[in-house]
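For reference, the structure is listed below as structure tokens.
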Amino acid sequence: MGTSRFFWRIFLTHVALIVLCTVGLSLTVVRGYRQMIEERFQSEVKTIADVLTDNSRTVLLNQTELHPSDEFFRIAAARDHQHHLFNADRKLIASSVNEPERDQILISNAYDQLNDQQSSIEITINNRTRGPYELLLRELRYDGKLIGYLQIEASREEIHSQLQNLASMTWAIVFIVSCVGVALSMIVVSRITRPVEELTRASQAIASGQWSQKVPVNTKDELGSLAVAFNEMSREMVSYIEELQNQGQQLRANSERLATVLGGMVEGVIAVDSAERILFANKAAFKMIEFEGQRVVGRPYWEVLRNTDVQSVVREVLSGQFQRKREIVLPRSQNRIAFIASRLPGEPCPGVVLVLHDVTELRRLEQVRSEFVSNVGHELKTPLAAIQACTETLLDGAMEDPQHGHHFLAQITEHGDRLHKLIIDLMELAKIESEEDAFHLENIDIGIPIQEAIDEHYPVAHGKQIALISNSTIEELLVKADHDGIRTIINNLLDNALNYTPKGGEIKIGWRAEEG
Numbered sequence: 371m372g373t374s375r376f377f378w379r380i381f382l383t384h385v386a387l388i389v390l391c392t393v394g395l396s397l398t399v400v401r402g403y404r405q406m407i408e409e410r411f412q413s414e415v416k417t418i419a420d421v422l423t424d425n426s427r428t429v430l431l432n433q434t435e436l437h438p439s440d441e442f443f444r445i446a447a448a449r450d451h452q453h454h455l456f457n458a459d460r461k462l463i464a465s466s467v468n469e470p471e472r473d474q475i476l477i478s479n480a481y482d483q484l485n486d487q488q489s490s491i492e493i494t495i496n497n498r499t500r501g502p503y504e505l506l507l508r509e510l511r512y513d514g515k516l517i518g519y520l521q522i523e524a525s526r527e528e529i530h531s532q533l534q535n536l537a538s539m540t541w542a543i544v545f546i547v548s549c550v551g552v553a554l555s556m557i558v559v560s561r562i563t564r565p566v567e568e569l570t571r572a573s574q575a576i577a578s579g580q581w582s583q584k585v586p587v588n589t590k591d592e593l594g595s596l597a598v599a600f601n602e603m604s605r606e607m608v609s610y611i612e613e614l615q616n617q618g619q620q621l622r623a624n625s626e627r628l629a630t631v632l633g634g635m636v637e638g639v640i641a642v643d644s645a646e647r648i649l650f651a652n653k654a655a656f657k658m659i660e661f662e663g664q665r666v667v668g669r670p671y672w673e674v675l676r677n678t679d680v681q682s683v684v685r686e687v688l689s690g691q692f693q694r695k696r697e698i699v700l701p702r703s704q705n706r707i708a709f710i711a712s713r714l715p716g717e718p719c720p721g722v723v724l725v726l727h728d729v730t731e732l733r734r735l736e737q738v739r740s741e742f743v744s745n746v747g748h749e750l751k752t753p754l755a756a757i758q759a760c761t762e763t764l765l766d767g768a769m770e771d772p773q774h775g776h777h778f779l780a781q782i783t784e785h786g787d788r789l790h791k792l793i794i795d796l797m798e799l800a801k802i803e804s805e806e807d808a809f810h811l812e813n814i815d816i817g818i819p820i821q822e823a824i825d826e827h828y829p830v831a832h833g834k835q836i837a838l839i840s841n842s843t844i845e846e847l848l849v850k851a852d853h854d855g856i857r858t859i860i861n862n863l864l865d866n867a868l869n870y871t872p873k874g875g876e877i878k879i880g881w882r883a884e885e886g
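Just so we're aligned: the sequence shown equals residues 371 to 886 in our numbering.
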């Protein structure tokens with residue numbers, strides 16, 4: 371409370387109002403009471419003057435002397451007054467004191483102010499010896515003729531004492547009331563500001579991260595309602611923050627999972643915002659675009675992908691197109707990259723996602739396939755043309771000639787075998803490309819498929835006068851392999867060997883087991 375500026379602002383304002391109101395009210399009361407005393411004093415002096423006027427007029431008319439028991443002297447002695455009676459020539463006729471003190475100048479001025487319109491005058495005189503006193507000067511007339519003057523000098527010491535006592539009492543009351551008011555104001559202001567200070571401390575604690583805060587509810591007024599509302603708000607805020615934290619954790623987990631998934635993808639993924647700046651790029655994209663080691667996040671994508679096709683596609687999608695596809699060739703590596711640009715959901719468009727596919731190997735395989743198909747077509751065309759030619763020759767009459775007929779039939783058989791081998795190879799290739807189990811692995815004696823391949827090629831070798839020699843010394847060698855696959859491999863090897871071995875040569879085939 372002592373350090374609260376809010377408390378001191380309200381408290382000092384209350385103190386100032388209390389002091390101002392107390393002092394103002396006290397001054398008003400003192401002024402009214404003083405006026406009342408003055409009026410009563412002046413009324414008393416005039417009453418005395420009225421009482422002494424008739425007696426003094428009689429003394430002047432009869433030219434008699436006043437007796438000490440007369441009211442002229444009794445009232446003066448009782449009231450601490452000085453009464454003086456003068457004739458028309460301002461000669462002293464009677465006085466309540468033996469040696470009257472005269473303030474000649476002031477009294478003379480007062481006499482000079484008497485005239486036909488003003489027959490009585492009253493002034494206050496401050497005398498150093500006697501103190502302040504009230505001077506009442508009245509003309510005495512009889513049948514309109516001035517016969518004398520009545521002069522009353524009433525001491526103001528009693529009034530002055532009363533006024534001093536009133537002032538002292540008033541300031542004492544002001545001090546007491548102010549102290550009581552200050553104390554009450556401190557209590558009231560403290561009760562008003564304490565909930566505000568507690569709310570302030572709780573708000574500061576919330577601002578520093580201490581979310582769960584509660585302030586006491588001590589009253590049922592507006593401040594109490596404010597405290598109740600603050601506590602309810604604090605509970606709701608804690609619940610909302612916990613929910614946000616849970617959602618943040620879920621988002622972070624989802625983001626980590628997404629980053630893991632995107633990082634493990636073989637496709638490159640690049641996210642671009644509406645300002646054409648890169649938001650994200652996975653490892654595959656770094657590898658494809660060849661910007662490893664560079665900081666690309668936050669940079670404009672056209673600084674990284676310097677390709678007009680990419681730029682035009684991204685801008686088309688940003689301008690409203692849902693999806694665009696394109697294929698580019700990287701200048702340095704000559705790799706072919708196919709990419710799909712897709713619009714992110716939202717209006718206006720928040721960005722674009724680029725999914726990159728390295729199709730270099732795919733395009734190479736397509737080229738190989740094309741060349742293979744062309745070669746296979748050529749390989750199929752040659753034996754077919756030979757078979758067709760031999761068949762036409764036989765139909766033209768060569769069948770009647772046993773020697774030539776047998777030769778043409780042998781040619782047809784040879785080219786038929788060649789076509790059969792090509793078809794078998796194509797079927798094996800189709801089987802491999804269909805991703806079926808191309809091989810049936812089992813424990814076999816590897817000498818069996820090898821010997822079958824030798825026996826199959828023996829007639830061809832004999833026709834070419836080439837010797838096929840099997841020189842393996844192992845009776846049985848068990849391996850885990852596919853029987854037909856081994857036989858196909860040996861057939862291919864023997865085909866090549868027979869094609870490139872000269873007449874009269876020999877082909878040796880052997881197999882053995884090696885450690886390691």
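No residue lacks a Cβ here, since even glycine has one placed at the ideal position from N, Cα and C.
- Distances from the alpha-carbon of Arg702 to those of Pro718, Met658, Ala759, Glu731 put Met658 closest.
- Contact check for Val642 and Gly721: beta-carbon distance about 5 Å, within the 8 Å limit, so the pair qualifies.
- Short of 8 Å from the beta carbon of Ile648, and not among the five residues preceding or following it, lie these beta carbons of its own chain, in chain order: Ile640, Ala641, Val642, Val666, Val667, Gly668, Arg669, Pro670, Tyr671, Val674.
- Going by DSSP, Leu848 is part of the beta strand (DSSP E) stretching over 848-851.
- If you check the CB distance, Glu697 and Ala708 come in under 7 Å.
- With 16 or more neighbouring CB atoms inside 10 Å of its own CB, Ala651 falls in the buried class.
- Between Glu812 and the set Ala599, Glu414, Asp854, the nearest pair of CA atoms involves Asp854.
- Judged by DSSP secondary structure, Gly638 falls within the beta strand (DSSP E) whose first and last residues are 638-643.
- Segment contact: the region 870-881 against the region 834-849, three or more CB-CB distances shorter than 8 Å; contact assigned.
- When the Cα atoms are used, Arg676 and Ser682 turn out to be separated by approximately 11 Å.
- Its chain contains no residue whose beta carbon lies nearer than 8 Å to that of Ala755 once the 5 sequence neighbours on both sides are disregarded.
- The C-alpha of Ala524 is placed about 23 Å away from the C-alpha of Thr428.
- In terms of CA proximity to Asp852, Asp815 leads the group Asp815, Ile418, Val608.
- For Leu596, the closest alpha carbon among the candidates Gly618, Thr563, Trp581 is that of Thr563.
- When beta bridges are read from the DSSP output, Phe376 appears opposite no residue.
- For the alpha helix (DSSP H) assignment, the region 541-606 encloses no uninterrupted run of at least 4 residues.
- Spatial neighbours of Arg706 in its own chain (CB-CB distance under 7 Å, excluding positions within 5 residues in sequence) are listed in chain order as Glu697, Val699, Val729, Thr730, Arg733.
- Only exposed fits Cys549, as fewer than 16 other CB atoms lie within 10 angstroms of its CB.
- Taking 4 residues as the minimum length, the alpha helix (DSSP H) runs contained wholly in the region 669-710 are 671-674, 678-688, in order along the chain.
- Beta-bridge partners assigned by DSSP to Lys878: Ile839.
- DSSP places Ser466 in the coil class of the three-state scheme, outside both helix and strand.
- Excluding five sequence positions before and after Arg694, the CB atoms of its chain that fall closer than 7 Å to its own CB belong to Val683, Glu686, Val687, Ala711, given in chain order.
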